[in-house]
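**Student:**
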Amino acid sequence: MGRKSVHIVGGGIIGLCSAWYLNQQGFEVTIIDKGDLTDGASHGNAGMVVPSHVIPLASPGMISQGIKWMFNSKSPFYVKPRLDLSLLQWTYKFYKSCNEGHVKKAMPFLFHLNEWSKELYQEFVAHPEFNFNFQKDGLLMLYRTAHQEEEEKELAEKAHHIGLDTQVLNNSQLKELDPHINSEVKGGVYFPGDANLHPNKFVKQLTTVLKKNGVIIQTNTEVVGLEEHGGKVHSIVLEGGQKVAVENLLVAGGAWSAQILKKSGLKIYLQDGKGYSVTFNSLANKPKIPAILTEGKVAVSPIGDELRIGGTLELGGMSTNINQNRLDGIFECLPKYYQEIDIDTEQKKKVWYGYRPCTPDGMPYIGKADTCNNLYVATGHAMMGVSMGPATGKLIAEIISDTKQSMDTSMFRLNRF
Ligand SMILES: Cc1cc2nc3c(=O)[nH]c(=O)nc-3n(C[C@H](O)[C@H](O)[C@H](O)COP(=O)(O)OP(=O)(O)OC[C@H]3O[C@@H](n4cnc5c(N)ncnc54)[C@H](O)[C@@H]3O)c2cc1C
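All letters in the sequence shown, in the order written, are residues 1 to 417 by UniProt numbering.
#1: Please determine if the region 356 to 375 and the region 222 to 242 are in contact, where contact requires at least 3 C-beta pairs separated by less than 8 Å.
#2: Do the CB positions of Ala378 and Gly354 come within less than 9 Å of each other?
#3: Please check the pair Gly187 and Leu169, which I expect to be a contact at CB under 8 Å, by giving their CB distance rounded to whole angstroms.
#4: Should Thr379 be counted as a contact of ligand 1 given a C-beta to heavy atom distance under 8 Å?
#5: Along the beta strand (DSSP E) that carries His229, what are the first and last residues, could you check?
#6: With H, G and I counted as helix, E and B as strand and the rest as coil, what does DSSP make of Asn131?
#7: Rounded to whole angstroms, what's the CA-CA distance from Tyr338 to Ile8? Just pull it up for me.
#8: Exposed or buried, what is Met318 when buried is set at 16 or more other beta-carbons lying within 10 Å of its beta-carbon?
#9: Under DSSP, the beta strand (DSSP E) around Asn170 begins and ends at which residues?
#10: Hey, how far is the Cα of Gly101 from the Cα of Tyr365?
#11: Does the region 393 to 402 come close enough to the region 197 to 205 that 3 or more CB-CB pairs lie under 8 Å?
#12: On the DSSP letters alone, give me the boundaries of the beta strand (DSSP E) that Ala378 sits inside.
#13: Rounded to the nearest angstrom, how far is the Cβ of Ile292 from that of Ala299, given a contact under 8 Å?
#14: Glu309: which of Arg326, Ser73 and Glu176 sits nearest, CA to CA?
#15: Quick check on Pro128: buried or exposed, where buried means 16 or more other Cβ atoms within 10 Å of its Cβ?
#16: Excluding five sequence neighbours on each side, which residues of the same chain lie with their C-beta closer than 8 Å to the C-beta of Leu87?
#17: How is the beta strand (DSSP E) around Glu28 delimited, first residue to last?
#18: Would you grab the beta carbon distance between Phe280 and Ile343 for me? Rounded to a whole angstrom, and I think it's under 8 Å.
#19: If we count Cβ pairs, one from each stretch, closer than 8 Å, do we get three or more for the region 149 to 169 versus the region 47 to 56?
#20: Taking the beta carbon of residue 456 as the centre, do at least 16 other beta carbons fall within 10 Å, making it buried, or is it exposed?
#21: Go ahead and pull the three-state DSSP assignment for Pro357.
#22: Helix, strand or coil: which one does DSSP assign to Leu293?
#23: Using only the alpha-carbon positions, how far apart do Ala46 and Asn196 sit?
#24: Taking the Cβ atom as the reference point for each residue, do Glu28 and Gly214 lie within a distance shorter than 9 Å?
#25: Can you look up Gln339 in the DSSP assignment and give me helix, strand or coil?
#26: Is there contact between the region 58 to 76 and the region 229 to 243, where contact requires at least three CB pairs shorter than 8 Å?
#27: Grab the span of the beta strand (DSSP E) containing Ile8 for me, first residue to last.
#28: Flag Ile260 as yes when its Cβ comes closer than 8 Å to any non-hydrogen atom of ligand 1, and as no otherwise.
#29: Which of the three DSSP states is assigned to His161 in this structure?
#30: Just list the residues that DSSP pairs Ile181 with in beta bridges.
#31: Are the region 138 to 147 and the region 252 to 259 touching, with three or more C-beta to C-beta distances below 8 Å?
#32: Taking 8 Å as the line, does the beta carbon of Leu140 fall inside it for any heavy atom of ligand 1?
#33: With distance defined between alpha-carbon atoms, name the residue in Tyr190, Arg413 and Glu151 nearest to Lys175.
#34: Cα separation between Asn285 and His43?
#35: Going by beta-carbon coordinates alone, are Leu266 and Leu414 separated by less than 9 Å?
#36: Between Leu164 and Thr221, what straight-line distance do the alpha-carbon atoms span, to the nearest angstrom?
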């Protein structure tokens with residue numbers, strides 16, 4: 001009898017990490033991607049690995065904060081108003097999830113998945129074919145206002161309660177860590193256990209090693225349908241009509257996953273949270289420690305010689321426009337927190353954007369469909385796909401191979417809504 005096989009739709013970080021662990025489990029793996037694997041959400045992101053991020057996006061106060069942001073063209077959040085049933089359903093489920101009970105339940109799951117991923121990244125680091133600037137410098141949550149200070153300290157308290165190392169620092173303590181921070185910054189919470197990496201390098205190196213290990217990667221090939229009957233997906237349909245028979249199918253199509261699954265009878269709730277990033281090379285007075293500028297929700301990620309800044313979350317229905325106002329909002333944030341930082345360079349014009357796959361409760365989907373016995377899904381990691389990538393890959397490989405799971409997956413169930 002031949003080896004068992006899995007077809008994976010989507011070669012972003014989630015599809016690639018899944019392929020890595022499935023290949024190790026002895027599966028024959030084929031990845032099919034509609035692009036060329038060089039510019040998806042898994043590339044230009046901030047590359048932060050964040051066990052500190054234990055609070056799901058759906059949490060108390062998010063609805064009122066989101067409404068306030070909607071009236072500010074430079075704010076970090078926007079929903080394009082439109083009559084779209086899937087957006088309405090998503091928003092209602094988001095609203096239902098924004099409560100303390102959900103946050104309390106979600107926190108240990110998010111912590112465990114992120115922390116486990118960080119450990120798995122260290123295994124990649126030890127591998128001679130990987131070199132992706134994995135830096136264990138921690139993460140600073142910087143604040144300038146008393147209101148934000150209160151919020152960040154409260155979050156730090158919750159994080160500390162579930163076992164995270166947290167340090168509340170004043171301005172001079174912050175400057176000892178990162179002398180580029182200016183005097184306007186009131187303070188910050190330091191999470192020494194966080195890390196960051198160069199996502200473009202990681203994804204590229206992983207693709208190369210997977211190919212070497214026999215994984216087939218078919219690029220520029222769009223999956224337009226799934227053929228399902230009798231509780232099983234029999235084949236995937238490619239653009240042009242060609243059908244490919246599948247034994248097991250994993251959908252890891254990022255923000256497109258709901259659309260890919262449409263014809264399988266499995267409904268998942270997902271919106272695309274578009275975000276921007278800009279990467280600066282050899283910038284003078286570059287910040288030293290990765291940080292979130294909390295009032296503007298801007299991510300600052302020094303990666304090797306580069307500085308990558310990113311932000312905004314626009315639920316815009318896969319819009320391809322670059323919203324200059326929101327980008328200006330990101331740029332204007334930097335000098336409010338750092339001294340002598342001059343980003344007025346040509347590099348500012350090289351804007352990257354990607355779509356974060358966002359679920360209504362801020363938890364990923366990782367599991368097996370109850371509609372088809374050979375259909376699996378791994379998506380919905382929103383702003384933590386890099387951070388949770390390796391652990392998600394390992395977990396879905398355990399689920400597909402029906403081996404003992406390393407963690408409780410009940411909060412990642414596909415049918416939880
Ligand atoms: C500005 C910004 C900053 C971010 N910063 C961080 C960070 O610091 N840390 C972190 O952990 N996360 C971060 N993220 C989030 C992270 O980038 C995502 O969670 C992650 O990349 C999602 O990976 P994925 O594999 O699910 O999706 P993707 O990378 O989007 O991959 C999905 C793939 O599926 C393919 N596909 C889609 N439809 C089809 C089809 N029909 N047929 C074939 N192929 C298909 C696509 O071409 C794509 O390659 C950030 C995101 C943004 C936008």
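Just so it is clear, CB atoms sit at the ideal spot from N, CA and C, and this is done for glycine as well. Being a predicted model, the structure only gives us computed values, none of them experimental.
**Tutor:** Inspection of the coordinates gives the following:
#1: The region 356 to 375, when compared against the region 222 to 242, does touch it at the 8 Å Cβ threshold.
#2: Against the sequence shown, residue 378 aligns to sequence position 378. Against the sequence shown, residue 354 aligns to sequence position 354. Going by C-beta atoms, Ala378 is not nearer than 9 Å to Gly354.
#3: Stepping through the sequence shown from its first residue, residue 187 is reached at position 187. Stepping through the sequence shown from its first residue, residue 169 is reached at position 169. The beta-carbon distance between Gly187 and Leu169, rounded to whole angstroms, is 6 Å. This is short enough to meet the 8 Å contact definition.
#4: The sequence position of residue 379 within the sequence shown is 379, counting from 1. Yes, since a heavy atom of ligand 1 falls inside the 8 Å radius drawn around the Cβ of Thr379.
#5: Against the sequence shown, residue 229 aligns to sequence position 229. Val223 to His229 is the span of the beta strand (DSSP E), which, as asked, contains His229.
#6: Counting from 1 along the sequence shown, the entry for residue 131 is found at position 131. Coil.
#7: For the purposes of this step, residue 338 is taken as the residue at position 338 of the sequence shown. For the purposes of this step, residue 8 is taken as the residue at position 8 of the sequence shown. Roughly 43 Å between the two C-alpha positions.
#8: For the purposes of this step, residue 318 is identified with residue 318 of the sequence shown, where counting begins at 1. It is exposed - the Cβ of Met318 has fewer than 16 other Cβ atoms within 10 Å.
#9: For the purposes of this step, residue 170 is identified with residue 170 of the sequence shown, where counting begins at 1. Here the beta strand (DSSP E) through Asn170 covers Gln167 to Asn170.
#10: Translated into the one-based positions of the sequence shown, residue 101 becomes position 101. Translated into the one-based positions of the sequence shown, residue 365 becomes position 365. Those two C-alpha atoms are separated by around 19 Å.
#11: No, the region 197 to 205 is not in contact with the region 393 to 402.
#12: As a first step, residue 378 must be located in the sequence shown, where it is residue number 378. The continuous beta strand (DSSP E) containing Ala378 extends over residues Leu375 to Thr379.
#13: Looking up residue 292 in the sequence shown gives position 292. Looking up residue 299 in the sequence shown gives position 299. Yes, they are in contact, since the Cβ atoms of Ile292 and Ala299 sit about 6 Å apart, within 8 Å.
#14: Position 309 of the sequence shown, counted from the first residue, corresponds to residue 309. Checking the sequence, you will find Ile at residue 309 rather than Glu. Nearest C-alpha to Ile309: Arg326.
#15: Working through the sequence shown from its first residue, we reach residue 128 at position 128. Of the residues assessed, Pro128 falls on the exposed side of the cut-off, its CB having fewer than 16 other CB atoms within 10 angstroms.
#16: Your numbering for residue 87 matches position 87 in the sequence shown. Here the set comprises Val79, Gln271, Leu315 and Gly317.
#17: The residue labelled residue 28 in the question sits at position 28 within the sequence shown. First-last of the beta strand (DSSP E) with Glu28: Glu28 to Ile32.
#18: Position 280 of the sequence shown, counting from 1, holds the residue named residue 280. Position 343 of the sequence shown, counting from 1, holds the residue named residue 343. About 6 Å separates the two Cβ atoms, so the contact holds.
#19: A contact exists between the region 149 to 169 and the region 47 to 56.
#20: The requested residue 456 is not part of the displayed model; the chain covers only 1 to 417.
#21: The count along the sequence shown starts at 1 and reaches residue 357 at position 357. The answer is strand: DSSP assigns Pro357 an E or B state.
#22: As a first step, residue 293 is located in the sequence shown; it is residue number 293 there, counting from the start. Three-state result, Leu293: strand.
#23: Along the sequence shown, read from residue 1 onward, the residue named residue 46 stands at position 46. Along the sequence shown, read from residue 1 onward, the residue named residue 196 stands at position 196. About 8 Å.
#24: Counting from one through the sequence shown, the residue named residue 28 turns up at place 28. Counting from one through the sequence shown, the residue named residue 214 turns up at place 214. Taking 9 Å as the Cβ cut-off, Glu28 and Gly214 qualify as a contacting pair.
#25: One-based indexing of the sequence shown puts residue 339 at position 339. Three-state result, Gln339: coil.
#26: The answer is no - the region 229 to 243 does not touch the region 58 to 76, with fewer than three Cβ pairs under 8 Å.
#27: Start at 1 with the first residue of the sequence shown, and residue 8 comes out as number 8. Per DSSP, the unbroken beta strand (DSSP E) holding Ile8 starts and ends at Ser5 to Val9.
#28: Taking the first residue of the sequence shown as position 1, residue 260 is located at position 260. It does: the Cβ of Ile260 is within 8 Å (strictly closer) of some heavy atom of ligand 1.
#29: By 1-based counting over the sequence shown, the position of residue 161 is 161. His161: helix per DSSP, three-state reduction.
#30: Here residue 181 refers to the residue found at position 181 of the sequence shown. In the DSSP output, where bridge partners are listed per residue, Ile181 has Tyr338.
#31: No contact exists between the region 138 to 147 and the region 252 to 259.
#32: In the sequence shown, counting from the first residue as 1, residue 140 sits at position 140. Leu140 Cβ: outside cutoff for every heavy atom of ligand 1.
#33: On the sequence shown, position 175 is the one that residue 175 refers to. Checked all of Tyr190, Arg413 and Glu151; the closest Cα to Lys175 is Tyr190.
#34: Residue 285 sits at position 285 when you count from the first residue of the sequence shown. Residue 43 sits at position 43 when you count from the first residue of the sequence shown. The straight-line gap from Cα to Cα measures roughly 25 Å.
#35: For the purposes of this step, residue 266 is identified with residue 266 of the sequence shown, where counting begins at 1. For the purposes of this step, residue 414 is identified with residue 414 of the sequence shown, where counting begins at 1. At the C-beta level, Leu266 and Leu414 come within 9 Å of one another.
#36: The residue labelled residue 164 in the question sits at position 164 within the sequence shown. The residue labelled residue 221 in the question sits at position 221 within the sequence shown. Between the alpha carbons of Leu164 and Thr221 lies a distance of about 43 Å.
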